[in-house]
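K.L.:
Take this structure first; my questions come after.
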Amino acid sequence: MSVAKVRLWSVDEYHRMIETGILTEGDRVELLEGQIVEINPQLPPHVATTQRACRYLDRLLEDIAYVRMQLPITLSPKSEPEPDIAVVRIDSNEYGDRHPTPADIYLIVEVADSTLLNDRQQKALIYAKARILDYWILDVNARRVYVFREPTQAGYQQETMRPANTMLAPVAFSNRDIPLNQLFLQNTF
6 MSVAKVRLWS
16 VDEYHRMIET
26 GILTEGDRVE
36 LLEGQIVEIN
46 PQLPPHVATT
56 QRACRYLDRL
66 LEDIAYVRMQ
76 LPITLSPKSE
86 PEPDIAVVRI
96 DSNEYGDRHP
106 TPADIYLIVE
116 VADSTLLNDR
126 QQKALIYAKA
136 RILDYWILDV
146 NARRVYVFRE
156 PTQAGYQQET
166 MRPANTMLAP
176 VAFSNRDIPL
186 NQLFLQNTF
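Quick note on our numbering: the sequence shown kicks off at 6 and runs consecutively.
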C-alpha cells in the first residue's frame with residue numbers, strides 16, 4: 006500500500022496562485038503551514054463581535070498602532086493566515102509593499118463561535134512558532150477571552166482564561182487596560 010504525499014505550498018507560490026487567478030477573492034482561504042485551508046463561513050455573532058472589537062481597539066490604539074481586520078499577515082515561508090484582528094506597527098507605506106510580519110505584530114485576536122478548538126490548537130501553535138507575544142481568542146458563546154503568552158516552538162507556555170467582566174492590557178501596551186466586555190456584543194435580553 007502506498008501512502009499519499011501532501012504537497013505543501015510556500016507563501017511565494019500562494020501569492021503566484023493569487024496573481025494568476027488560480028485563487029480569487031471569492032476563494033475564502035488562508036495558507037497555514039503550507040496547506041491552503043478554507044476559512045469557515047461567518048455567522049452574524051462572529052461578524053458583529055469582530056467588527057465591534059476591531060472598532061474598539063482601533064479607537065483605543067489609533068495613535069500607536071494599526072488595527073487590521075481579516076487581512077493577511079506573513080508568519081513564515083509557509084504560513085499566511087488572515088486573523089480576525091491584527092494589531093500591528095504603524096507603517097508609513099500602509100503595508101503597500103508587503104504584509105505585516107512577526108516583527109510588526111503586537112497582538113493577534115481570533116473570534117470564535119464554531120472554531121474555538123481550531124483557534125486554541127492549530128492557530129495557537131502557528132502563532133507561537135512565529136513568536137507572536139500576545140494572542141487572544143474571543144469566545145463568543147461563553148463570553149470569555151483566552152489569552153496566550155510566552156511563545157515557544159512547542160506552543161505557548163502560558164494560557165489563561167478571562168471572563169468578559171475583567172480588564173486586560175496587551176503585552177505591548179501595558180498602560181492601556183481594556184474592559185473585555187467592550188470587545189463583545191452587549192446582551193440584548
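Where is the CB? At the ideal position from N, CA and C, for every residue including glycine.
Helix, strand or coil for I69, going by three-state DSSP, please let me know.
P.N.:
DSSP places I69 in coil when its eight states are reduced to three.
K.L.:
Who pairs with L2 in a beta bridge, going by DSSP?
P.N.:
Since the first and last residues shown for the chain are 6 and 194, residue 2 lies out of range.
K.L.:
Would you identify the three-state DSSP class for E18, choosing helix, strand or coil?
P.N.:
In the structure shown, E18 sits in a helix (DSSP, three-state: H, G or I).
K.L.:
Where do the ends of the beta strand (DSSP E) carrying F178 lie?
P.N.:
Note, F178: premise wrong, no beta strand (DSSP E); not H, not E.
K.L.:
Identify, in the order they occur along the chain, each residue of the same chain with its Cβ nearer than 7 Å to the Cβ of V93, setting aside the five sequence neighbours on each side.
P.N.:
Only A70, Y71, R73, P105, D109, I110, Y111 meet the Cβ criterion.
K.L.:
Determine the contact status of Y151 and A133, defining contact as a CB-CB distance below 8 Å.
P.N.:
Cβ atoms of Y151 and A133: not closer than 8 Å.
K.L.:
Could you check where the beta strand (DSSP E) with F153 kicks off and where it finishes?
P.N.:
Where F153 is concerned, the enclosing beta strand (DSSP E) stretches over 149-157.
K.L.:
Taking the DSSP output, what are the residues bridged to P184?
P.N.:
Partner(s): M172.
K.L.:
Going by the DSSP bridge assignment, what does M6 pair with across the sheet?
P.N.:
Per DSSP, none; premise fails for M6.
K.L.:
So L140 is in the beta strand (DSSP E); what residue range does that whole segment cover?
P.N.:
Per the sequence presented here, residue 140 reads as Tyr, with Leu not at that position. 139-144 is the extent of the beta strand (DSSP E) around Y140.
K.L.:
Quick one: what's T165 bridged to in DSSP?
P.N.:
According to DSSP, which records beta bridges pairwise, T165 is partnered with V152.
K.L.:
How is E87 classed by DSSP in three states: helix, strand or coil?
P.N.:
Coil, per DSSP.
K.L.:
Between the Cα of I44 and the Cα atoms of I113, D96, E87, which residue gives the shortest distance?
P.N.:
The candidate whose alpha carbon is nearest that of I44 is E87.
K.L.:
Restricting to Cα atoms, I'd like to know which of D68, R64, T55, L65 is closest to L76.
P.N.:
Selected option, being the one with the closest Cα: T55.
K.L.:
Whose C-alpha, out of I142, N146, G26, is nearest the C-alpha of P175?
P.N.:
P175 has its Cα closest to that of I142, out of I142, N146, G26.
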